[in-house]
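Peer 1: Got a structure for you, written out below as structure tokens; questions coming shortly.
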């Protein structure tokens, strides 16, 4: 299979999975394993296409992101979504990431650990769906600082590959009395600083692995991820109101079983 086709396939996988509760990292590891695209170059490629997905969220929520630079609501103690919400949502995972990133990449970026993460994340999703209380926050502007911090703590679970950052944060949001839409949109927004920080650092460390010949492959993966992520986010929000998270949990379990039976055994 040509590398350009591999780039296109993985770009689709990243765009679809990054902001859905199914684990983009897990899917990239599993699909990369099936396609035989692994190693340091593959990891660098994954970093680049994740930036494409981040750009999609930046475009979709540009007005909300610009509003974060307005500190008046924060200074006036207005009940409005502001930068402090994002800081509280990002800080716990940022600390965990700094402390564990190298260890996680060294020991946990393996197909069998992804399978474990897929199942564990599915259990959390099913638990959140069953135990979630009635929501009290139906928009980002109704989100409290306590809810933001709670969701940020749940995001720490995503340090384990396959667990899913979106799955952990949206589940945490539901348990913290946020609506599906509020939990999802907050999950999308706090993904930006986390992913920019992690991918930026990884890209800098991997700079010596990049050559001019990589540009076509990386460009296709980046653009595909961007376009697919734009469509996936809009579609996901519509489906979430109808279906909830449960179908995604079952999908994760089925995927873990199939991969174990046909690849790992």
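Numbering (our numbering), first residue to last: 13 to 277.
Backbone N, C-alpha and C fix where the C-beta goes; we use that ideal spot for every residue, glycine too.
Predicted model, so just to flag it, every value in this text is computed and none were measured.
Among the residues of its own chain, which have a CB less than 8 Å from the CB of residue 150, if the five just before and after it don't count?
Peer 2: Residue numbering aside, residue 150 sits at position 138 when the chain shown is read from its first letter. So the list reads 191, 193, 194, once near-sequence residues are dropped.
Peer 1: Check whether the segment 22-30 and the segment 81-94 are in contact - that is, three or more C-beta pairs closer than 8 Å.
Peer 2: Short answer: they don't touch.
Peer 1: Below 8 Å, how does it come out for the segment 126-144 and the segment 180-190: are there three or more Cβ pairs, yes or no?
Peer 2: Contact holds: three or more Cβ-Cβ distances are below 8 Å.
Peer 1: For residue 19, tell me which candidate among 32, 176, 37, 47 has the shortest Cα-Cα distance.
Peer 2: Residue 19 sits at position 7 when you count from the first residue of the chain shown. The shortest C-alpha separation from residue 19 is found at 47.
Peer 1: Assuming residue 123 and residue 42 make a contact with CB atoms under 8 Å, what is their CB distance in whole Å?
Peer 2: Working through the chain shown from its first residue, we reach residue 123 at position 111. Working through the chain shown from its first residue, we reach residue 42 at position 30. Residue 123 to residue 42, Cβ: 6 Å. Contact.
Peer 1: Can you tell me whether residue 251 is buried or exposed, with buried defined as 16 or more other CB within 10 angstroms of its CB?
Peer 2: Locating residue 251 in the chain shown gives position 239, counting from the first residue. Its Cβ having fewer than 16 others within 10 Å, residue 251 is exposed.
Peer 1: List, from N- to C-terminal side, the alpha helix (DSSP H) runs of 4 residues or more that fit wholly inside the segment 40-96.
Peer 2: Those alpha helix (DSSP H) runs which fall completely within the segment 40-96 and span 4+ residues are 52-72, 74-79, 84-87.
Peer 1: Excluding the 5 residues preceding and the 5 following residue 39 in the sequence, name in chain order all residues of the same chain whose CB lies nearer than 6 Å to its CB.
Peer 2: Counting from one through the chain shown, the residue named residue 39 turns up at place 27. Excluding sequence neighbours, residue 39 sits near 25, 29.
Peer 1: Using 8 Å as the threshold, is the segment 111-130 in touch with the segment 243-261, meaning 3 or more CB pairs across them?
Peer 2: Segments in contact, no.
Peer 1: Can the beta-carbon of residue 108 be found less than 9 Å from the beta-carbon of residue 54?
Peer 2: Counting from one through the chain shown, the residue named residue 108 turns up at place 96. Counting from one through the chain shown, the residue named residue 54 turns up at place 42. Not a contact, by the Cβ cut-off of 9 Å.
Peer 1: With C-beta atoms as the reference, is residue 212 less than 9 Å away from residue 167?
Peer 2: Residue 212 sits at position 200 when you count from the first residue of the chain shown. Residue 167 sits at position 155 when you count from the first residue of the chain shown. No, the Cβ-Cβ distance between residue 212 and residue 167 is not below 9 Å.
Peer 1: Apart from the five residues just before and just after residue 77, which ones in its own chain have a Cβ nearer than 7 Å to its Cβ?
Peer 2: Counting from 1 along the chain shown, the entry for residue 77 is found at position 65. Within the same chain, residue 77 has close Cβ partners 70.
Peer 1: Would you mind reading off the limits of the alpha helix (DSSP H) that contains residue 141?
Peer 2: As a working mapping, residue 141 is identified with position 129 in the chain shown. Run containing residue 141: 123-143, per the alpha helix (DSSP H) assignment.
Peer 1: CA-CA distance, residue 198 and residue 186?
Peer 2: Residue 198 sits at position 186 when you count from the first residue of the chain shown. Residue 186 sits at position 174 when you count from the first residue of the chain shown. Their Cα atoms are separated by approximately 12 Å.
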